[in-house]
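What the sequence shown shows, in the numbering used here, is residues 115 to 306, in sequence order.
Here a beta-carbon is modelled for each residue, glycine too, at the ideal position from N, C-alpha and C.
Just below is one structure, and these are the notes that go with it.
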Amino acid sequence: MTADYTWDVFCTLDGWGSFSEGAAWGGYWGKQGPELLEHRSSLFDTGQRMVFGATTFRENAAILQSGVDPHALDEWNVRMMRSPATVISSTLQETLGWPDATIVSGDAVDVVGRLKQESDVPLRSQASLTLNWALLAAGMVDRVQVTIFPVISGRTGTSPIFAGLGDVDLELLESRTFDGRSQELVYRPTPR
115 MTADYTWDVF CTLDGWGSFS EGAAWGGYWG KQGPELLEHR SSLFDTGQRM VFGATTFREN
175 AAILQSGVDP HALDEWNVRM MRSPATVISS TLQETLGWPD ATIVSGDAVD VVGRLKQESD
235 VPLRSQASLT LNWALLAAGM VDRVQVTIFP VISGRTGTSP IFAGLGDVDL ELLESRTFDG
295 RSQELVYRPT PR
């Protein structure tokens, strides 16, 4: 049996995955609410393995290393950081305090192909844009889960989430609205 691989990403309406330092947006572009946060937490009710590229893993591990009180984090972040993780990197040598992380070097398509065959739980990747562009182009991504926050950040936006991709057909599988403003769209992608 093959484990499903979900690429999970947040963005603005105009497709930016983050914003420049000094922008006054705040986390979730200031648009999180209780429905969104409850749903995000529920995504981790069942076991899954996280898959990260080095940059996103470093960003998340920095939170663990910072000594931030776990009660100050949203529950879904706490659950994600407690999940086992595979980090695909040729530069990292250590797990940076992540409790159950494995660092694997090699071609991402080969690594994820093996994980899909061997894993007894679904695979999920949060952000990791470059990694997931390559996996999507190779047909390794089963679901793209995009949470769109109702802002346009044309001046302060950074990290365009789909800028590194070729053409991809998307079949809408699910859609939800949270707190009357944020949208989650789940697609089955087919590279063209």
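Buried versus exposed, by CB contacts within 10 Å (16 or more), residue i
{"i": "residue 224", "result": "exposed"}
{"i": "residue 160", "result": "exposed"}
{"i": "residue 215", "result": "buried"}
{"i": "residue 148", "result": "exposed"}
{"i": "residue 286", "result": "exposed"}
{"i": "residue 199", "result": "buried"}
Cα-Cα separation, residue i to residue j
{"i": "residue 234", "j": "residue 292", "result": "30 Å"}
{"i": "residue 121", "j": "residue 193", "result": "17 Å"}
{"i": "residue 181", "j": "residue 288", "result": "37 Å"}
{"i": "residue 177", "j": "residue 201", "result": "16 Å"}
{"i": "residue 179", "j": "residue 299", "result": "32 Å"}
{"i": "residue 267", "j": "residue 189", "result": "26 Å"}
{"i": "residue 119", "j": "residue 231", "result": "11 Å"}
{"i": "residue 254", "j": "residue 236", "result": "13 Å"}
{"i": "residue 130", "j": "residue 271", "result": "5 Å"}
{"i": "residue 135", "j": "residue 264", "result": "20 Å"}
{"i": "residue 196", "j": "residue 279", "result": "30 Å"}
{"i": "residue 301", "j": "residue 183", "result": "35 Å"}
{"i": "residue 186", "j": "residue 158", "result": "18 Å"}
{"i": "residue 244", "j": "residue 227", "result": "17 Å"}
{"i": "residue 171", "j": "residue 211", "result": "11 Å"}
{"i": "residue 273", "j": "residue 306", "result": "23 Å"}
{"i": "residue 238", "j": "residue 204", "result": "20 Å"}
{"i": "residue 123", "j": "residue 290", "result": "15 Å"}
Continuous beta strand (DSSP E) stretch holding residue i: start and end
{"i": "residue 236", "result": "Careful: residue 236 lies outside any beta strand (DSSP E) and carries neither H nor E."}
{"i": "residue 126", "result": "119-126"}
{"i": "residue 323", "result": "No answer is possible for residue 323: the residues shown for the chain start at 115 and end at 306."}
{"i": "residue 164", "result": "163-167"}
Residue i versus the options, residue with shortest Cα-Cα distance
{"i": "residue 213", "options": "163, 281, 288, 270", "result": "163"}
{"i": "residue 281", "options": "173, 297, 248", "result": "248"}
{"i": "residue 284", "options": "303, 264, 260, 153", "result": "303"}
{"i": "residue 152", "options": "191, 263, 227", "result": "191"}
{"i": "residue 277", "options": "306, 208, 128", "result": "128"}
{"i": "residue 297", "options": "125, 117, 116", "result": "125"}
{"i": "residue 154", "options": "165, 259, 269, 229", "result": "259"}
Enclosing alpha helix (DSSP H) for residue i [first to last residue]
{"i": "residue 291", "result": "Here residue 291 belongs to no alpha helix (DSSP H); instead the beta strand (DSSP E) covers 282-292."}
{"i": "residue 116", "result": "Careful: residue 116 lies outside any alpha helix (DSSP H) and carries neither H nor E."}
{"i": "residue 148", "result": "148-156"}
{"i": "residue 247", "result": "243-251"}
Which ranges would you report for the beta strand (DSSP E) in the segment 169-233 if only whole runs of at least 3 residues count? 199-202, 215-218
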